[in-house]
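Read the sequence shown against UniProt numbering and you will find it ends at 337, with the numbers running on by one and no gaps.
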Amino acid sequence: MADDKASDTGTDTSSNTSDAETMKKMMMDTKVDGGKSAWATTLETFGMSDGGKNKKTDVLCDSFAEAMKMFYDLVKDKDWEFATTPFEDFNATKEQLFQAFVHWSRKSGDDGEAATTYNPSKALRRLEAYVEWMDKNCQDMNLKGSTMVEVAEKWKTRITHDKKGRLVWWFDIGGLDLKDLKKNVPPEDTLRLFVWMSHLVLFDKGSQENGFIFVEAFGRNTGMMETFTVVTMDLSTKLDRLTIGILPVKMEKCFIYDNPTWIRVMMALLSPFLSKKMKQRIVSIPNNKNPMEFFEEEIGKENIPFGVTHLEGTVEKDLVAQTLERLASVITDEVET
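Laid out in structure tokens, this is it:
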């Protein structure tokens, strides 16, 4: 993780450390769903990112086609209806859902293997965790995109692809009205939105085949407590578990920029508990560097959304906006006919 020193001037570092320790204590003292502390749950979630090590009984496959065939053999006796999965909004099928999990199970040759391999057994374990999470958290939940427009506008989360075909999930925290979100957006609406967007990511071909990238602009003047209390601790750990520990997509990188000084303190607290791979994926862009130059090189100017903090993006309608617009037009056509 790159060190960000650009925002230190005139800042009370001891205050940042105190806030971070207070936040950690709050997480350790707060029990979330399942009875564990929010801190323990968060650390457990980070450990689930890659699904753990292969088991001795796992069968590895050299090709995607072979892995899919093996995966179907593994799930043939499972009585899963996937009643909570929002297939319709994304024109998706159960086969595409299975493909996402098998793609996620791949291990590339650059990880020390002679060639890319797939682990359908690991894919099944991830799918089992997904089914359990969805059944537990999304029963009777309205996951129709047509109901997401207002809350999506509040969160301003954008999704595009980069020049390598990877999906990019943009979070402009510094550009959000955090007080309004905390006061006027019910936790269940935030959960619905992120479950829905997670499936947009899950069913995306670029995400499945090339992985995805998080980009987070924190806002260098945004306070730690203000940021971490915009949603409840229980909701925060649920969203982390879904996006990091359950979703079958490979996070290639997490770029953070426009960073307040407390980010470095918070990352220092988490660092001892993060795997080597996770640490390598998190890249902090120093505040004295031009983020536009960085993302233009890494992602491509033509793939950056318009209006993101300190960036000169040109994408006016990202994948979220395009999908919501398509769904709205379908409803209009149905009403007219």
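Ideal Cβ positions, reconstructed from N, Cα and C, are used throughout, including at glycine.
This structure is a prediction, so every number in the text was calculated from the model and none was measured.
Can the beta-carbon of R126 be found closer than 7 angstroms to that of G51? yes
Considering only DSSP beta bridges, list what R158 is partnered with. W170
Entirely within the stretch 293-333 and at least 3 residues each: give me those beta strand (DSSP E) ranges in chain order. none
Could you pull out every residue in the same chain whose Cβ sits closer than 6 angstroms to the Cβ of K5, ignoring the five residues on either side in sequence? Low per-residue confidence applies at K5: pLDDT is 44, beneath 50, and the placement is therefore not dependable, though the value from the model is reported in the following sentence. Contacts found: none.
Please list, in chain order, all residues of the same chain as L324 whose beta carbon is under 7 angstroms from its beta carbon, the five residues on each side excluded. G145, M148, V149, A152
If we count the other Cβ atoms within 10 Å of its Cβ and call it buried at 16 or more, is T57 buried or exposed? exposed
Over what stretch of residues does the alpha helix (DSSP H) that includes V102 continue unbroken? 94-104
Taking only the alpha-carbon atoms, compute the straight-line gap between N288 and F294 and give it to the nearest angstrom. 12 angstroms
Quick check: what's the CA-CA separation for W170 versus D77? 39 angstroms
Could you name the residues of the same chain whose beta carbon sits closer than 8 angstroms to that of K164, not counting the 5 residues immediately before and after it, in chain order? N210
Would you mind reading off the limits of the alpha helix (DSSP H) that contains F228? 224-228
Is I213 near the ligand SAM, in the sense that its beta carbon is under 6 angstroms from a heavy atom of that ligand? As presented, the structure is devoid of all ligands, the ligand SAM included, so that no description of it is given.
Tell me M251's beta-bridge partners as DSSP assigns them. F212
Any contact between the stretch 194-214 and the stretch 97-104? By contact I mean 3 or more CB pairs, one from each, below 8 angstroms. yes
Report the three-state DSSP secondary structure of I246 (helix, strand or coil). helix
Candidates K179, T160, D177, V75, of which the one nearest S121 by Cα: V75
With 16 as the cutoff for other CB atoms within 10 Å, does A65 come out buried or exposed? exposed
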